[in-house]
Structure formats: structure tokens, C-alpha cells
Amino acid sequence: MKVSCHSLFICSYCKRSRTNEAEAGAMPGKIPKLPSEIISDILSRLPVKSLVRFKCVSKTWRSLISHPGFAKEHLKRAKEDTNANHYKIFLSADPHLSIDPEAFFDADDNLLTAQLNFPASYSDQNSYIEILGSCNGLVCGLLHRNPLIYIWNPSTRESRELATPSSRELAIPGSSEDSAFYGFGYDVKLDDYKILKGYISTSTNSSDGSNSETKVEVLTLKGNIWRTIQDLRCGVLLRGCGTSANGVLHWLVLRQENVRSIKYVMVSFDLSEEKFLETVPLPGLTGDDNIWKLELKVLGDWLCLYCYRGGLFCEAWIMKGYSSEVSWTRILRFNIGEPIPGGKFWHRLLWVKKNGNVVYELNGRDVVFYNQNEGTARAFMIYHEMGWFDATVYIESLVSPNNINDGLLPSI
Amino acid sequence: MSSSTDSPTLTTETTQLSPQPDTETAKPTKKITLKSSDNQIFEVEESVAMEFATVKSFFEDSPSTDTVPLPNVTAKPLSQVIEFCKEQIKFKANPDEAQKKKYNAEFVTEKSDKDLVDMIPVANYLEIKDLLDVLNQAVADRIENKSVEYVRSFFGIDNDFTAEEEAALRREHAWAYEGVDED
Numbered sequence: 001m002k003v004s005c006h007s008l009f010i011c012s013y014c015k016r017s018r019t020n021e022a023e024a025g026a027m028p029g030k031i032p033k034l035p036s037e038i039i040s041d042i043l044s045r046l047p048v049k050s051l052v053r054f055k056c057v058s059k060t061w062r063s064l065i066s067h068p069g070f071a072k073e074h075l076k077r078a079k080e081d082t083n084a085n086h087y088k089i090f091l092s093a094d095p096h097l098s099i100d101p102e103a104f105f106d107a108d109d110n111l112l113t114a115q116l117n118f119p120a121s122y123s124d125q126n127s128y129i130e131i132l133g134s135c136n137g138l139v140c141g142l143l144h145r146n147p148l149i150y151i152w153n154p155s156t157r158e159s160r161e162l163a164t165p166s167s168r169e170l171a172i173p174g175s176s177e178d179s180a181f182y183g184f185g186y187d188v189k190l191d192d193y194k195i196l197k198g199y200i201s202t203s204t205n206s207s208d209g210s211n212s213e214t215k216v217e218v219l220t221l222k223g224n225i226w227r228t229i230q231d232l233r234c235g236v237l238l239r240g241c242g243t244s245a246n247g248v249l250h251w252l253v254l255r256q257e258n259v260r261s262i263k264y265v266m267v268s269f270d271l272s273e274e275k276f277l278e279t280v281p282l283p284g285l286t287g288d289d290n291i292w293k294l295e296l297k298v299l300g301d302w303l304c305l306y307c308y309r310g311g312l313f314c315e316a317w318i319m320k321g322y323s324s325e326v327s328w329t330r331i332l333r334f335n336i337g338e339p340i341p342g343g344k345f346w347h348r349l350l351w352v353k354k355n356g357n358v359v360y361e362l363n364g365r366d367v368v369f370y371n372q373n374e375g376t377a378r379a380f381m382i383y384h385e386m387g388w389f390d391a392t393v394y395i396e397s398l399v400s401p402n403n404i405n406d407g408l409l410p411s412i
Numbered sequence: 001m002s003s004s005t006d007s008p009t010l011t012t013e014t015t016q017l018s019p020q021p022d023t024e025t026a027k028p029t030k031k032i033t034l035k036s037s038d039n040q041i042f043e044v045e046e047s048v049a050m051e052f053a054t055v056k057s058f059f060e061d062s063p064s065t066d067t068v069p070l071p072n073v074t075a076k077p078l079s080q081v082i083e084f085c086k087e088q089i090k091f092k093a094n095p096d097e098a099q100k101k102k103y104n105a106e107f108v109t110e111k112s113d114k115d116l117v118d119m120i121p122v123a124n125y126l127e128i129k130d131l132l133d134v135l136n137q138a139v140a141d142r143i144e145n146k147s148v149e150y151v152r153s154f155f156g157i158d159n160d161f162t163a164e165e166e167a168a169l170r171r172e173h174a175w176a177y178e179g180v181d182e183d
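Protein sequence lines, in the order shown, are assigned to chains A and B.
Using full-length UniProt numbering, the letters of the first sequence map in sequence onto residues 1 to 412.
Using full-length UniProt numbering, the letters of the second sequence map in sequence onto residues 1 to 183.
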């Protein structure tokens with residue numbers, strides 16, 4: 001029997017709670033059975049590791065913990081909870097690692113990392129894994145050597161290999177002559193996750209992409225079939241992986257405004273509507289600003305713009321509102337150059353801690369924690385034999401790559 | 001028996017509560033009588049009783065009642081719930097988030113597992129959202145790093161897996177069983 005996820009969730013609650021309430025308070029001296037909505041509330045406060053373990057408590061618990069509706073409740077609470085940190089840093093090193101960014105300064109390195117056993121069936125040793133996106137606890141990766149796209153939940157360690165795009169072989173983002181771009185995010189209306197793969201062919205026209213051909217394919221996790229989106233025109237040259245926030249993918253693009261002026265703009269793609277949105281102006285940045293690095297991040301649910309100017313200053317803003325209502329609030333500004341060895345050249349912002357300290361990835365080889373008040377940095381030792389890794393932040397969730405919604409009735 | 005003490009007034013049903021005029025106390029406050037399933041009588045100030053959404057709506061429906069029967073609630077958890085709500089009223093009058101957090105933490109720390117779990121259905125039935133939140137979080141904190149066996153006995157849950165099924169589940173997620181606290 002297929003039931004829509006939400007109503008099933010509520011229904012199974014009501015049904016079970018009624019039977020259990022009758023038993024509550026019985027048997028003096030023994031702990032009474034709690035109504036199932038209470039059990040569910042208590043469990044939704046637990047970390048993923050405990051919940052995976054507690055699938056073994058009983059069949060009812062296993063059904064509840066495996067249910068997509070419960071995964072949503074759990075995720076919602078994790079996002080709203082301000083008392084504990086539910087975000088981890090994922091490194092596609094060999095073996096894959098997970099780091100708790102909030103606890104790092106206070107504890108032993110080994111206590112903060114967990115080795116994640118990557119599904120062996122995918123692993124072609126020494127293959128670089130590029131992370132295409134991270135959303136609601138799911139990480140979307142692209143294996144370079146044996147090109148395939150997979151979805152992985154590092155918290156539950158559940159994974160799934162996806163269909164290969166139909167039109168062309170998998171291009172490594174930015175590697176081909178044409179401009180390839182990717183994105184991974186959540187479609188609220190469909191209640192499904194989408195992977196986007198696009199090409200902007202420059203062979204047809206000018207180098208700024210204004211008249212170029214845009215070809216975009218999309219895959220939903222439920223369907224696992226690539227579908228071409230017709231009649232899309234993006235108008236600028238997109239490259240690399242879009243940053244997903246609130247159902248919209250975002251890319252940064254340098255756009256020639258006129259002969260003299262180049263400006264940074266943000267191009268967005270709405271995953272529900274499947275169309276590009278109006279470009280969003282950035283906080284007063286132009287091509288002349290001596291920008292060494294400009295990138296988009298997600299901090300919690302906020303889209304964050306990170307900028308590194310002239311080898312000196314780091315700044316970050318978070319975006320509030322959309323399109324014409326958009327506003328940027330600066331959350332960071334400090335000098336990074338000296339304290340982080342090599343930080344002058346190639347670094348990526350990973351996380352801004354609650355206390356304002358910052359976590360960087362350096363040269364695809366190190367993770368560095370930077371204390372901006374004291375101006376000190378601490379490198380995180382990573383044993384990584386084979387060159388570089390990619391990194392992303394993910395929220396710990398139960399969301400399953402194999403069971404997004406339309407969950408079958410739990411077999412209780 | 002004085003009804004002006006701070007702790008919940010606990011009497012048996014046989015003690016007839018004479019309708020004392022409020023003028024006796026310096027600050028006249030209306031009292032509400034709650035009766036537990038084991039026939040204990042609790043006199044609480046109206047402001048405290050109004051923290052219980054269930055009691056509040058009971059009074060809105062039948063304003064002339066003087067005793068609210070609580071057939072699903074026994075005396076011990078009820079007295080603890082009343083104790084909690086009295087403190088919350090004080091925090092409502094003088095908001096102090098840090099103190100409130102501290103009180104809430106201490107309130108649950110000193111309770112036994114059974115006391116905690118016994119209070120949950122009461123807080124749920126009386127619809128005291130803040131308390132339910134505190135209790136559920138406290139239970140979650142207590143079981144977070146515990147073993148499957150511990151959790152089964154904590155909630156009185158029977159294991160309905162076969163030995164093979166259970167072994168398979170443990171094998172599949174062996175990493176989730178590492179670093180678990182001693183029971």
C-alpha cells in the first residue's frame with residue numbers, strides 16, 4: 001500500500017498512541033509504555049549514530065527510524081537546534097573522513113574524526129572524488145577515473161549509484177572545452193532531490209556566453225532517469241558546481257558589463273521551477289577589486305559569499321531574501337595572510353564556528369582551524385596517501401538516498 | 001492545614017476543603033483543586049493551574065466547577081509537575097533565561113529514570129509544552145550513548161527480532177555499536 005508520507009506519519013502515530021495510552025500508567029513500579037508520538041519526539045533528538053544502533057531495539061523502532069517522515073522530523077529539529085552542533089565536515093580522502101568542526105579546538109584529533117568506509121563497489125583506488133553538492137545530509141559525488149555519480153549519506157553510510165547522463169559522457173566540471181556545470185539540491189514541491197548537469201557550448205558564439213547554447217539535464221532521485229530541460233537559456237558562462245540553498249542552486253560568474261567593466265554576478269537556478277532566475281547583484285564587488293578568491297558556501301541554511309582580496313582580507317556575507325529583495329550582511333572580516341602557512345594562495349572556507357573561528361581547507365591537502373581573535377592557526381593532520389581530497393559540510397541526517405518519500409507502510 | 005505554603009498541598013480526599021475566603025492571605029489569589037487518579041487532592045494557585053492547557057480548557061467549559069478530576073494522573077508525578085510549573089511562573093514574572101536553564105537542568109538531573117518517564121504522560125495529558133520538551137530532551141540525553149539492551153529495559157520494550165535478524169542488523173551497522181557507554 002502506498003500512502004503519502006506525511007499522512008502516513010501522522011496516522012500511524014494516532015493509531016499507535018491510542019493503544020499505548022491505555023497501557024500507560026499501568027503496572028506500578030515498572031516504567032509505563034509511552035505513547036508512540038512521545039517515543040518519536042524523544043528519538044528525533046538523538047544523533048544519527050544512536051538511531052542507527054536503536055533500529056535493533058524492536059521492529060516498531062526499526063520501522064519508525066527508517067521512515068522518511070521521521071527522517072524529515074529529525075532533520076527539521078537538527079536545523080532548528082541551537083544547543084548542539086549537527087554539522088560535520090566531510091573529506092573525500094582515502095579513507096573518507098568526517099570531522100566535528102565545533103569541537104576541534106578543545107579535544108584530541110582522534111576523538112573528532114570518524115573514518116567512513118566508502119562503499120567498496122564504487123571505489124577505484126586512487127580515484128579523485130569531486131563533491132558536486134551537499135544537501136540535507138546527502139552528499140553527491142563524482143568519481144573521476146571511473147566516471148560515475150553517486151549519492152551518499154555519510155551519517156548513515158547509506159549510498160547509491162546513479163544513472164549516467166545520457167547525452168554525453170560525464171565531463172569533469174571545468175575540464176572540457178565547453179563549460180560544464182553541476183548542481184545537487186532539494187526540490188520542495190516534488191519532495192525529491194535533483195541532480196543537475198549542464199553544458200554551455202562556446203563553439204557557437206562569443207566567449208562571454210551571451211548567445212551560447214545551454215543544455216541542461218536533470219535527474220530526480222526517485223526516478224533515476226536523466227531528462228533534458230528544453231529551451232533553457234542562461235546567458236552567461238557557468239562552470240563548476242552550484243551551491244544549493246533553499247531549493248535554489250547558485251553560481252558566481254564574472255560578466256562583462258561593457259568594454260571597461262567586469263562585474264561579479266550570481267546566477268541562480270530554481271530546482272522546482274527548473275529555470276534560471278534573475279541574476280542577483282553582489283555586495284559591491286567588481287573585477288577591479290583585486291579579488292583572489294570569491295566563492296559561495298552554505299552556513300546552516302544561509303547562503304554565504306566568501307571573498308579574499310589582495311592576499312590580505314577575508315570577508316564573508318550571508319544573503320537574506322531573494323531577487324529584488326536581496327540583502328547581504330557581513331559576518332566576517334579579518335586578515336588571513338600570515339598565520340596560515342600557504343593560506344595566501346589556495347584555500348577554501350569550510351565553516352564558521354559559533355565563536356567566530358574559521359575552518360579552511362588548504363590546497364586540497366590540509367584542514368586548518370583559524371582562531372581570528374588570537375590570530376593562531378592549527379592544522380588538522382590528515383593521513384592521505386593519494387594526493388588531494390575534496391571537502392564539504394553536511395548536516396547529520398537520516399535522509400536515505402534510496403528511500404526519499406512515498407515510504408511503504410512500516411511493517412509493524 | 002495552611003494553604004499558603006509554597007509546596008503542593010497534599011491532602012487525602014477525606015479532608016474536607018472548607019472554602020476559605022481569600023482575604024486571609026495578604027495577596028488574595030484564587031486556588032484551584034486538582035484530584036489525581038489515586039484520590040489525592042492538590043490545591044494550586046490559579047496561575048499554576050492555568051499552565052495546564054487541559055485544566056484551563058476544562059475551566060473554560062465549566063467555570064462553576066471547584067475540583068478538576070485528573071483520572072489519568074497519579075499523585076507523585078503530578079506533585080512534581082506542579083513543582084516545575086510553580087518555578088516557571090516565577091520565571092514568567094522575572095525572565096532570566098540563564099537561571100531558567102539552570103533550574104530546568106537541575107530539575108531533571110535529580111530525578112530517577114522512572115520519575116522522568118512517569119512525568120511524561122502527565123505533561124503530555126496536561127499539555128504543558130515546556131515541561132514535555134525538557135523531559136523528552138532529558139530522556140534523549142540519558143539514552144544517547146547507551147546500548148540496545150539498556151534502551152529496551154529503559155522503556156520496557158520486548159525484543160521481537162529473532163536472534164538471526166538481530167545479528168544481521170548488528171553486522172550491517174557494526175560501526176554504530178562502537179563507543180557505547182557501559183550500562
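The beta carbon of each residue, even a glycine, is placed where N, CA and C say it ideally should be.
In this text the structure is predicted, and so the values were computed from the model without any measurement.
Counting along the chain, where does the alpha helix (DSSP H) carrying N335 (chain A) start and finish?
First-last for N335 (chain A): 327 to 335, but that is the beta strand (DSSP E), not the alpha helix (DSSP H).
Who pairs with L196 (chain A) in a beta bridge, going by DSSP?
In DSSP, L196 (chain A) forms a bridge with A:G183, A:V218.
In three-state terms, what does DSSP make of P283 (chain A)?
DSSP places P283 (chain A) in strand when its eight states are reduced to three.
So what does DSSP say about T162 (chain B), is it helix, strand or coil?
Three-state result, T162 (chain B): coil.
Looking at chain B, is there any beta carbon in it that lies within less than 7 Å of the beta carbon of I38 (chain A)?
Taking Cβ atoms only, chain B reaches closer than 7 Å to I38 (chain A), which makes this a yes.
Give the residues of chain A in contact with E144 (chain B), contact being defined as C-beta atoms less than 7 Å apart.
Going along chain A in sequence order, the residues near E144 (chain B) (Cβ under 7 Å) are L46, P47, S50.
Take N136 (chain A) and list the residues in its own chain whose beta-carbon comes closer than 7 Å to its own, dropping the five residues that flank it on each side.
So the qualifying residues of the chain are L75, Y186, I395, S397, V399.
P35 (chain A) touches chain B at which residues, Cβ-Cβ below 8 Å?
Result: P121, N124.
Is the beta carbon of V73 (chain B) closer than 7 Å to that of S112 (chain B)?
Their beta carbons are not under 7 Å apart, which means S112 (chain B) does not touch V73 (chain B) by this criterion.
Please decide whether K59 (chain A) counts as near chain B, where near means a Cβ-Cβ distance under 7 Å.
Yes, K59 (chain A) counts as interfacial toward chain B.
Who are the near neighbours of P165 (chain A) in its chain, counting only those whose CB is closer than 6 Å to its CB and skipping five residues on each side?
Contacts found: K197, E217, W226.
With 16 other CB atoms within 10 Å as the buried threshold, where does N335 (chain A) fall?
Flag for N335 (chain A) reads exposed.
List the DSSP bridge partners of T392 (chain A).
For T392 (chain A), which the question treats as bridged, DSSP gives the partners A:F90.
Label S155 (chain A) either buried or exposed according to how many other C-beta atoms from any shown protein chain fall within 10 Å of its C-beta, with 16 as the threshold for buried.
S155 (chain A) should be labelled buried.
Identify which residue in A:I382, A:A71, A:F184 has its Cα closest to the Cα of A245 (chain A).
Nearest of A:I382, A:A71, A:F184 to A245 (chain A), Cα basis: A:F184.
Let me know the alpha helix (DSSP H) ranges lying completely inside the UniProt domain "SKP1 component POZ" (30 to 87) of chain B, each 4 residues or longer, listed in chain order.
The UniProt domain "SKP1 component POZ" (30 to 87) of chain B contains these whole alpha helix (DSSP H) runs: 46 to 49, 53 to 61.
If the cut is a Cβ gap below 7 Å, which residues of chain B does F54 (chain A) touch?
Near F54 (chain A) (Cβ distances below 7 Å), the residues of chain B are V148, V151.
CA-CA distance, A163 (chain A) and I149 (chain A)?
Taking the straight line from one Cα to the other gives about 7 Å.
Express the C-alpha separation of P71 (chain B) and F70 (chain A) in angstroms, rounding to a whole number.
Distance between the alpha carbons of F70 (chain A) and P71 (chain B): 32 Å.
Note down the Cα distance separating F269 (chain A) from G141 (chain A), rounded to an integer number of angstroms.
Going from the Cα of F269 (chain A) to the Cα of G141 (chain A) covers about 20 Å.
Compute the Euclidean distance between the alpha carbons of Q256 (chain A) and R53 (chain A), then round it to the nearest angstrom.
Approximately 55 Å, taken between the alpha carbons.
Got a sec: which bits of the region 77 to 96 of chain A sit with their beta carbon under 7 Å from any beta carbon on chain E, in order along the chain?
In the structure shown, chain E does not exist; the protein chains are A and B.
Compute the distance between the beta-carbons of G242 (chain A) and S272 (chain A), then report whether it is under 7 Å.
No. Outside cutoff.
Between which two residues does the alpha helix (DSSP H) carrying A176 (chain B) extend?
A176 (chain B) -> no alpha helix (DSSP H), and no H or E assigned at all.
Going by CA-CA distance only, name the one from B:D38, B:L78, B:I41, B:I32 that's closest to S64 (chain B).
Answer by Cα proximity: B:I32.
Identify every residue that forms a DSSP beta bridge with T243 (chain A).
Bridge partners of T243 (chain A): A:H250.
Report buried or exposed for E130 (chain A), applying the criterion of at least 16 other Cβ atoms within 10 angstroms of its Cβ.
Per the 10 Å Cβ criterion, buried.
Could you tell me the distance, in whole angstroms, from the CA atom of V267 (chain A) to the CA atom of V253 (chain A)?
Going by the C-alpha atoms only, they are around 7 Å apart.
With distance defined between alpha-carbon atoms, name the residue in B:L34, B:Y125, B:S153, B:Q99 nearest to V48 (chain B).
Per the Cα distances, B:L34.
What did DSSP end up calling K320 (chain A) once you bin it into helix, strand or coil?
It is a strand residue.
Taking the beta strand (DSSP E) that R152 (chain B) falls in, what are its first and last residues?
Note, R152 (chain B): premise wrong, no beta strand (DSSP E); alpha helix (DSSP H) at 148 to 155.
Under 9 Å Cβ-Cβ, which residues of chain B neighbour I291 (chain A)?
Neighbours of I291 (chain A) on chain B: none; closest Cβ ~42 Å, over 9 Å.
State the DSSP-derived secondary structure class of R365 (chain A), mapped to helix, strand or coil.
Coil.
Check whether the region 361 to 370 of chain A and the region 297 to 307 of chain A touch, using three or more Cβ-Cβ pairs below 8 Å as the test.
No, because fewer than three Cβ pairs between the region 361 to 370 of chain A and the region 297 to 307 of chain A fall closer than 8 Å, the two stretches do not touch.
May I have the straight-line CA-CA distance separating D141 (chain B) from V265 (chain A), to the nearest angstrom?
Each residue's Cα considered, the two are about 46 Å apart.
Please report the distance separating the alpha-carbon of P77 (chain B) from that of K354 (chain A).
Answer to the nearest angstrom: the Cα atoms are 38 Å apart.
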